[in-house]
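All remarks here apply to the structure that follows.
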Amino acid sequence: MINLSDTEDIEERCASPTSAPSDTEMESLTYPPNTNTYTGTYTGTHTGSHTGTHTGTHSGTHSTFRSLRQLTREALPRLDHYRNLASIMHAPGAGQRPTLDDLHQPPPGKVRVGPSRGTVEEETGGEGKFGWVQGVLVRCLLNIWGVILFLRLPWVVGQAGILEGMLIVTCGNIVTTITALSMAAISTNGQIKGGGTYYMISRSLGPEFGGAIGLIFSLANAIAAAMYIVGFCESMNDLLRSQGLQIFDSGINDVRVIGSITLVVLFAICVIGMEWEARAQVVLLVVLLVAILDFIIGAFVGPLTEEEIAQGFIGLNGTLFNENFFSDYRDEGKQSGEEGNTGFFSVFSVFFPACTGILAGANISGDLKDPSGAIPKGTILAIIITYFSYMILVLLSGAVEVRDATGNITQVADWSFTNCTDTVCEYGLSNSSQVMELVSIFGPLIFAGCFAATISSALASIVSAPKVFQALCKDKLYPYIEFFGKGYGKSDEPYRGYVLTFIIVLIFTLIARLDSIAAIITNFFLAAYALINFSTFHASLQHTPSWRPTFTYYNKWLSLLGGILCTAIMFMIQWYTALITIIIIILLYFIVVYRKPDVNWGSSTQAQIYSMALNSTISLNQVEEHIKTFRPQILVLTGAPYARPPLIHFANSITKNMSLLITGQCFKEMQSQRVRTRHYVEATNWLSRHKVRAFHSIADGPSMEMAARMLMCNVGLGKLRPNLVLMGYKSTWKTCPAEELQGYFKTIHHAFGLHLAVGILCVEGGLDYSHLTEVSQDEEDPNYNGSTNPTSSGGATASNTDPSTLPTSTSTVSFGHYQNEVDVSTGPCYTNAAAVPDEASHPSFLENLKMGKKTKDPTYRLANGEVVAPQIVDAMLRFTRKQPKGTIDVWWLYDDGGLTMLIPYILTTRASWSSCKLRVFCLANKKDDLASEHRRMIELLCKFRIDFSDVVMVPDVTRRPKEESVRDFNNLISSFKVPPEEEDGVKTPEGITESELVALKDKTNRHIRLRELLLEHSRNATFIVMTLPIPAVGTVSAPLYMAWLETLTHQMPPFLLLRGNQSSVLTFYS
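For this note's numbering, add 30 to where a residue sits in the sequence shown, where the first one is 1.
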């Protein structure tokens, strides 16, 4: 135990995660010989240096303590283990926490080397320079004490009176205080980097809101800088005009000249370095404080001349205080004699910009020594100081200056200068903007205060805009702006951003008329405030364990109120600019949503998705199932998704935007978690890249069929679990090992045993494309090596775990006796990717907007590196293409609950299948009653509200098949027949016995006859769906069952054998 005598130091170090003593500092502890106590010193890394003496007890000698590294593979808790993962992985010699595999399954004979004693420094854009006073407090004070303090605060008192004026100041500061508390909570919930407001919102609410606010906040700061410079120029023009001086015309051209010179000087200060800018801010703060003090002294001293009295300044007076205590709303400007045109909210909207500026310190978070400590402390203290200063100035303004004064010295004697009945008063609280200059003891100091307020605000905006924009550019949320993210020097200065900001500020300075956009700039700032409040509310509402701000003086409902108030004030100031602001944010939001940037910041939006999904799943679990809410939820036994794309694309065409789809991958041997994770990542990346909305699940077991059964039993959650198992047809059943065939057959039994529907998809050419390697467009180069592609079949499987052996989904390109082998090497192939025409060499704007948007099919290569022929790619992606005009023939042979009819109907609702019509084939019980059965079937389909083009009744399915067909079937099963003399010693599932053929003769003949009917009616169909025969347990062997399926599907169009679980999925009730 180490006891620190300085408890203050402990608190400071806990408040800042980056200030914990490193291993190097702990090494400085010295151990006196032959004693169990030690003393030592270390120098901290927080805001100031600190030296302390440690005393305590030690359970052993120093050498024993150091040897612990050699005695265990475990690592002691260290700060470096919790830093940014990228900075650790790329740091040479950095100590890392051992993985669970290192501890649980350590490699034999490998001794772990202890972690380096050096401390890994996280990659930052340079060390922070400023503490909370110079970096946050000074900047916030300068931005809050703006021009409104000198020019508009007396007018607010004249309109609203002292009471409502104080209420206006209080309301404005309530909003900023709530926002500051919310910002303090966010800034103390982890380490804050450069980017200020953008960084906090983006890491809290996600890149969509963060990107939108970052862009408009940067632009608003740049335009605000121009507005402050123009304000400075106009004040300078007034001063020159009062002295009878001018440059050109004392008007807009003079503003442009003075503004351009001022802009160059300010940018020179910023570019030279933040230190010079900070020094300039301190000087300006001193000027500003002197100007405020000048007004306060003048108020207590009182008027010095009769001219001042004539202009309404009569000094501290109780009667005047009572007269100005209540409101007197009237037209802004000169006395009009008509009241009621200005109200509380309009005056509040004029004053509120004087409360903004609380983000000035947060915007340079990357230049602060301890952002988490400096931002809350400096911002809140600045609000408190400015609030009390505003309240004092409101009281003094109302106590020393009348509302209306003529300025006529001759009326001072009888005090009639306040009577504006027959004349227009140009002086007083309600009419003059120079009241503070009038009251002050030395008027020019007020001009100096105005200059200091505008120049300091302009400096802060010029610094904030490029720094926030640089952080946004580095995150690459928007196209075409990455160029401005580059930083220079030790401090990572955004010089490119400075140039862009200079151009924007110069343009708006030369316009010199910014009144029309002043409101929208204020609304931009208010939108940032609203989202900061909402970020805190949202993060608190999700109850994520990672939300642990060290600043605890906040409340989530107070933050929500702050967000609502900010939004309301936006509309109060100017409703149409509020709408414009919201529309801009929405547009920028959807641009980021459309691009889908590859960022993962653990935002509260992600936490909300989890909470909503969890709550919805629990709620769904409590909902009783109903036929009308049935959805086909499919488990596709596909192995690795990239191995069998047609199977997944077909399943996706059923479930897309409607129901659950899970791809299953089975292994017959146990896999390590590292291997499972690799397979899972590769599978989910493939699904995401091909826009398939599905989950991927992996199971391993003693055998493939048991692994598949584990998937069927355990995959899913609550009501979100599969009710249909989709498999690929096993075309190699005649040549594969008997164990593999039995595994495939048992998988079908397991599915039916678990009351799941079963579908088997068969297409000519097969489903297995695991021997092809998908190449991204970035990898298309002549020197490409297929073995390096992470999605190649070789890279996706471990030893002895080749997914091509998966019996539940294997469908290779060879169909043996029935189907000719498709040679993927035939056809026009390119020897290298350079010969492939590049259709996307000139991407459009929309293509650039969407990150990774593909404009053509992916390229596939063989193992030898040759590009696969286009017709093979077309076959592989057949179910993503527009299906040719034709029919989907539905052979609804037996009533399975209606699934055989429902799945084809769902297909016809998809855009790619819209040109296909349903044609229904049904078996007839009696040949003589075809008309009535035909009518009843049509009536049933109409009640089910299923569109169809034709209904065909099949009366002669029991007719004996042709001898030619029977002979073909016997040739098919000849290799599986068991001689009569060997039947007693052979297990039934391993071969076809004569007794089995005799027992199932009628069923076999029926399937052969169905084959003849299929050739007669559906040979030219686009797609065929037929009721899958159920293999009764212990009745039919695997070879005979597969022979039935082969007979039905041989050389036919794409074929789906489908069987429901005998529960109704169709209803005609509303």
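Glycine included, each C-beta is placed from N, C-alpha and C at the ideal position.
Quantities reported herein were computed from a predicted structural model and do not represent experimental measurements.
Counting C-beta neighbours from all protein chains within 10 Å, is the total for residue i 16 or more, i.e. buried, or is it exposed?
i	result
K912	exposed
D324	buried
H726	buried
T658	Note on identity: in this sequence residue 658 is Lys, with Thr being the wrong assignment. Answer is exposed; the Cβ neighbour count stays below 16.
E305	exposed
P138	exposed
P873	At P873 the pLDDT is 47, less than 50, meaning the model places this residue with poor confidence; the figure from the coordinates comes in the next sentence. P873 should be labelled exposed.
W587	exposed
S1094	exposed
V377	buried
W162	buried
E804	buried
L650	exposed
R739	buried
R433	buried
H780	buried
Assuming residue i contacts residue j (C-beta within less than 8 Å), just tell me the rounded distance between them.
i	j	result
V168	V320	Contact flag wrong, Cβ pair sits at about 15 Å.
L530	A242	The Cβ separation is near 19 Å, so there is no contact.
A787	N753	6 Å
Y503	Y559	Checking the sequence shown, residue 503 turns out to be Cys, not Tyr. Between Y559 and C503 the Cβ distance is about 23 Å, and since that is not below 8 Å, they are no contact.
R674	Y799	7 Å
C170	I485	Actually they are not in contact, since the Cβ atoms of C170 and I485 sit about 16 Å apart, beyond 8 Å.
I246	F554	5 Å
A340	I439	5 Å
W631	G236	7 Å
Three-state secondary structure (DSSP) at residue i?
i	result
I616	helix
S727	strand
L1088	strand
Y258	helix
F343	strand
C450	coil
G928	coil
W921	strand
I790	strand
K973	helix
S1100	coil
Q663	coil
D868	Residue confidence is low: D868 scores 39 on pLDDT, short of 50, so the model does not pin down where it sits. Its coordinate-derived value is still stated next. Here D868 sits in coil by DSSP.
M757	strand
T910	helix
A558	helix
T939	coil
S1067	coil
Measuring alpha carbon to alpha carbon, tell me which residue in the options is nearest residue i.
i	options	result
Q572	I1038, T552, N645, L561	N645
M1082	G161, L750, E1046, G527	E1046
W445	D522, S570, I344	I344
T693	M742, V705, S733	M742
G789	R1049, T1097, I1054	I1054
A435	M421, A429, G458	G458
G746	T207, Q663, G758, T668	Q663
S290	I192, R182, A255	A255
V793	P767, A738, N682, R908	R908
T607	I339, T777, S379, L1058	S379
T707	I728, W716, K721, I615	I728
I616	F660, F680, F239, R975	F239
V465	R1049, P934, I614, F180	F180
Q604	K399, I551, E770	I551
S491	E307, S462, P985, V705	E307
P401	T566, Q164, V653, A643	Q164
D358	V187, I648, I612	V187
**Report entry** Every unbroken alpha helix (DSSP H) within the segment 482-543, with a cutoff of 4 residues, ordered by chain
**Finding:** Fully contained in the segment 482-543 are the following alpha helix (DSSP H) runs of length 4 or more, in chain order: 525-541.
**Report entry** Complete runs of the alpha helix (DSSP H) confined to the segment 290-345 [at least 4 residues]
**Finding:** The segment 290-345 contains these whole alpha helix (DSSP H) runs: 304-331, 336-340.
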